[in-house]
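All remarks here apply to the structure that follows.
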Amino acid sequence: MATKAELIQAVADRAGSDKKTTEAVLAAFFDHTAEQVKQGEKIAWPGFGAFSMGERAARKGRNPQTGETIKIKRSRSLKLSTAAPMKAWLLTARKRRG
């Protein structure tokens, strides 16, 4: 897994930008995406995927330590739906590695 600093450096190198500007742009992207998704919007980047809000209904679960049935509250989470070109690229990359 890449660290934040490694991600910023890699993106800055590819974009031909300095690290400070790259960090500001990435932060703005993540802030905007989070705000829009929280409001129920879907943020799509063609060829990569789309960020949206996932909803999980309330349900019953089991405490693994005691076996007791527990209630799990309804929850929301950030969801990434991968675009077909990205899926294809990822699958061919995995096949090449073995």
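For the sequence shown, the residue numbers in our numbering are 5 to 102. Backbone N, C-alpha and C define an ideal beta-carbon position, used for all residues, glycine too.
Opening and closing residue of the beta strand (DSSP E) in which residue 59 lies = Element bounds for residue 59: 53 to 60.
Spatial distance of residue 10 from residue 70 (CA atoms) = 42 Å
DSSP bridge partner residues for residue 70 (one or two, in chain order) | Residue 70 pairs with nothing; no bridge assigned.
Tell me whether residue 26 is buried or exposed, calling it buried when 16 or more other Cβ atoms sit within 10 Å of its Cβ.
-> Under this definition residue 26 is a buried residue.
Would a check of beta-carbon distances place residue 26 closer than 8 Å to chain B?
-> In the displayed structure, chain B is absent; only one protein chain is listed.
For residue 87 versus residue 44, is the C-beta spacing smaller than 8 Å?
-> no
Beta-carbon proximity list for residue 41, same chain, < 8 Å, skipping 5 on both sides = 47, 55, 56, 57, 82
Alpha-carbon to alpha-carbon, residue 59 and residue 29 = 29 Å
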